[in-house]
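Peer 1:
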Ligand SMILES: [Zn+2]
């Protein structure tokens, strides 16, 4: 995911990206308090009282009503079916094969055809939108579960098992997508089918969108659905299991991250053009100097400090867990007005800094055409991560002001790599405070499975498909209910795997969570 130069989609690895980010926040602080082997677990007074989580292959799976053997068999069969369909963005991959297979399962189970729609802009990249309808007319807007069906390429030669074979070994499921995110796709398909079979009816519509091209490719299903079929996917809020989750330290649940907002990804092309000439006759005008002067101004520029309801909640929680100067500084930035000296000290840690301002950084450079010629062009890519509430166009104009050089061009580069004179005006919504209707049951159910684990809303510095909904004004919450050891992150990597026990817990979680959100 991170290797693509202009990667925007699939940038984040659930649930680890958020975890890794959390770890990086904690690491410098933990260093002087605890031996490394203890990590930061000691900061959470709640979690220090937590019971040890069950070993990876134990049973029962959770403190929630557990799925029956029959339900588990179905959930396992769906998981296997999805893993064994190659949904990479390659000639061998086909998302439609997977979404059509799920469509068949819903139709066979008796869902009406109009509520199980397969649609998309490309024959191989069809999205499936399932609507679990409330009887009559519900006054409440639906809840949308957003799940991508595509996976990152995996080569048989790199793996110890066939990445497109569902292998159960040593208490783990192996296969491409077992962490990211066919586990959640399968758990939600199984949950919808189970609830339907049990005759349960929601009090509001529940929607499941299984989409294409989150990891890469030209046909991002989430973006396309929001733009072209808003009616099908319109919702009060989105639950996206492609983020968040529970971090384990030797089996003990340490923290449950919930992604409650994220920044907007934008690339800009900065270009200087000059008449060039022979390098034996240099002049003050020089495309490379012009560009690097501008980039140096950017390097020295600090975007304004900002906070929203999510980051405020996050830092408030963190203040209670930290000690010493860090705790003092966090409290100081939470004050009114925030203490800028404290913000500057905290900002020395990149993940803090990125969490309270827009950031823009030069990431690529190209200039000149010969060793013995004055450069005629010099170009840089500047990558920005925009704080919710600002549009890419607003930031483009801000870059022009920072550079203060009318001869430079500052253009927007789309995800597809196309260059435009202006940038989109769409901004990610300023997130509301975490909605109790979501956080109430989420916390209660998480607590039932992993007693004592703190549930923490976070702003993701990276990007996921949630952003398309956030830009459409719909709050999004990223939570996988998957528990992984912190050193077992394998999404996008070789030998991707998921503890069997983790899968059953997430299955139990989504069953109870769907019921709670659906009005039970
Ligand atoms: Zn993913």
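In our numbering, the protein residues as written are 225 to 744.
We put the CB at the ideal spot given by N, CA and C, even for glycine.
#1: For residue 690, which of 429, 435, 359 has the nearest alpha-carbon?
#2: Sorted by chain position, which residues of the same chain lie with C-beta nearer than 6 Å to residue 527's C-beta, five sequence neighbours on each side aside?
#3: If you measure from each residue's Cβ to the nearest non-hydrogen atom of ligand 1, which ones come out under 5 Å, in chain order?
#4: Once the 5 residues before and after residue 530 are set aside, which same chain residues still bring their CB inside 7 Å of it?
#5: With a Cβ-Cβ cutoff of 8 Å, do residue 431 and residue 353 count as a contact?
#6: In the DSSP assignment, the beta strand (DSSP E) including residue 218 goes from what residue to what residue?
#7: Rounded to whole angstroms, what's the CA-CA distance from residue 422 to residue 295? Just pull it up for me.
#8: Mind checking whether residue 615 and residue 650 have CB atoms under 8 Å apart?
#9: Please return the same chain residues whose Cβ sits closer than 8 Å to the Cβ of residue 652, not counting the five positions on each side in sequence.
#10: Let me check you understand the geometry: is the CB of residue 653 closer than 7 Å to at least one non-hydrogen atom of ligand 3?
#11: Would you please state the rounded distance, in angstroms, between the beta carbons of residue 510 and residue 598? I believe it to be under 8 Å.
#12: Let me check one thing: in DSSP terms, what residues is residue 343 bridge-paired to?
#13: When you compare only the Cα positions, how much space is there between residue 259 and residue 575?
#14: By alpha-carbon positions, which one of 414, 337, 306 ends up nearest to residue 397?
#15: Can you tell me whether DSSP reads residue 492 as helix, strand or coil?
#16: So, is residue 571 buried or exposed, given that buried needs 16 or more other C-beta atoms within 10 angstroms?
#17: For residue 419 and residue 554, what's the separation of their Cα atoms in angstroms?
#18: Going by C-alpha distance, which of 728, 743, 589, 293 is nearest residue 407?
#19: Which residues in the same chain as residue 633 place their Cβ atom closer than 7 Å to its Cβ, once the five residues preceding and following it in sequence are excluded?
#20: If we ignore side chains and look at the alpha-carbon of each, how far apart do residue 738 and residue 402 end up?
#21: Need the endpoints of the beta strand (DSSP E) that residue 420 sits in, please.
#22: Would residue 168 pass as a contact of residue 368 if the rule is Cβ separation under 8 Å?
#23: Measure the alpha-carbon distance for residue 348 versus residue 312 and round it to whole angstroms.
#24: Take the Cβ of residue 264 as the centre, count every other Cβ of all protein chains shown within 10 Å, and call the residue buried at 16 or more, exposed below.
#25: If you draw a straight line from the alpha carbon of residue 404 to that of residue 466, how long is it in whole angstroms?
#26: Buried or exposed, going by whether 16 or more other CB atoms sit within 10 Å of the CB of residue 525?
#27: Quick check: the stretch 437 to 451 against the stretch 666 to 680, are there 3 or more CB pairs under 8 Å?
#28: Please state if the CB of residue 733 and the CB of residue 166 are separated by a distance shorter than 8 Å.
#29: Report all residues from its chain with a CB closer than 8 Å to the CB of residue 501; omit the five preceding and five following residues, and keep chain order.
#30: Within the same chain, show all residues whose beta-carbon is closer than 7 Å to that of residue 542, passing over the 5 residues directly before and after it, in chain order.
#31: Which one of 656, 659, 635, 654 has the shortest CA to CA distance from residue 648?
#32: Which class does residue 497 belong to by DSSP, given the choice of helix, strand or coil?
#33: Would you list the residues sitting across from residue 749 in a DSSP beta bridge?
#34: Using only the alpha-carbon positions, how far apart do residue 490 and residue 619 sit?
#35: If you draw a straight line from the C-alpha of residue 351 to the C-alpha of residue 567, how long is it?
Peer 2: Quick look at the numbers:
#1: Distances from the alpha-carbon of residue 690 to those of 429, 435, 359 put 435 closest.
#2: Apart from sequence neighbours up to five positions away, the residues of its chain that approach residue 527 with a beta-carbon distance below 6 Å are 581, 582, ordered along the chain.
#3: Counting every residue whose Cβ lies closer than 5 Å to a heavy atom of ligand 1, we get 404, 405, 466.
#4: Here the set comprises 580, 581, 611.
#5: Yes. Within cutoff.
#6: This structure does not reach residue 218, given that the chain is present from 225 up to 744, and the question cannot be answered.
#7: Their Cα atoms are separated by approximately 11 Å.
#8: Yes. Within cutoff.
#9: Excluding five sequence positions before and after residue 652, the CB atoms of its chain that fall closer than 8 Å to its own CB belong to 485, 486, 487, 488, 610, 612, 613, 691, 694, 695, given in chain order.
#10: The model on display carries ligand 1 but not ligand 3.
#11: The pair is a contact, with the Cβ atoms about 6 Å apart (cut-off 8 Å).
#12: According to DSSP, residue 343 bridges with 351.
#13: Interpretation of residue 259 is limited by its pLDDT of 26, a score under 50 that renders its predicted location unreliable; the figure taken from the coordinates is listed afterwards. Near 22 Å, if we compare the C-alpha coordinates of residue 575 and residue 259.
#14: For the residues 414, 337, 306, the minimum Cα distance to residue 397 belongs to 306.
#15: In the structure shown, residue 492 sits in a strand (DSSP, three-state: E or B).
#16: Burial is judged here by how many other beta carbons sit within 10 angstroms of a residue's own beta carbon; residue 571 has at least 16 and is buried.
#17: Spanning the two alpha carbons is a distance of roughly 44 Å.
#18: Of the listed residues, the one whose Cα sits closest to residue 407 is 728.
#19: Take residue 633, set aside five residues on each side of it, and the residues of its chain with a beta-carbon closer than 7 Å to its own are 495, in chain order.
#20: Looking at the backbone, the Cα of residue 738 and that of residue 402 are separated by about 21 Å.
#21: Not the beta strand (DSSP E): residue 420 falls in the alpha helix (DSSP H), residues 406 to 421.
#22: Since the first and last residues shown for the chain are 225 and 744, residue 168 lies out of range.
#23: Near 11 Å, if we compare the C-alpha coordinates of residue 312 and residue 348.
#24: Note on residue 264: pLDDT 25, under 50, position unreliable in the model; the coordinate value appears next. With 16 or more other CB atoms across the displayed protein chains lying within 10 angstroms of its CB, residue 264 is buried.
#25: In a straight line, the C-alpha of residue 404 is about 7 Å away from that of residue 466.
#26: Exposed: under 16 other Cβ atoms inside 10 Å.
#27: Judged by Cβ distances under 8 Å, the stretch 437 to 451 makes no contact with the stretch 666 to 680, as fewer than three pairs qualify.
#28: Lying outside 225 to 744, the shown extent of the chain, residue 166 is not represented and no answer is given.
#29: The answer, listed in chain order, is 507, 597, 598.
#30: The answer, listed in chain order, is 554.
#31: Closest option to residue 648, Cα to Cα, is 635.
#32: Collapsing the DSSP output to three states places residue 497 in a strand.
#33: No answer is possible for residue 749: it lies beyond the span of the chain, which begins at 225 and ends at 744.
#34: Spanning the two alpha carbons is a distance of roughly 9 Å.
#35: CA-to-CA, the gap between residue 351 and residue 567 works out to about 43 Å.
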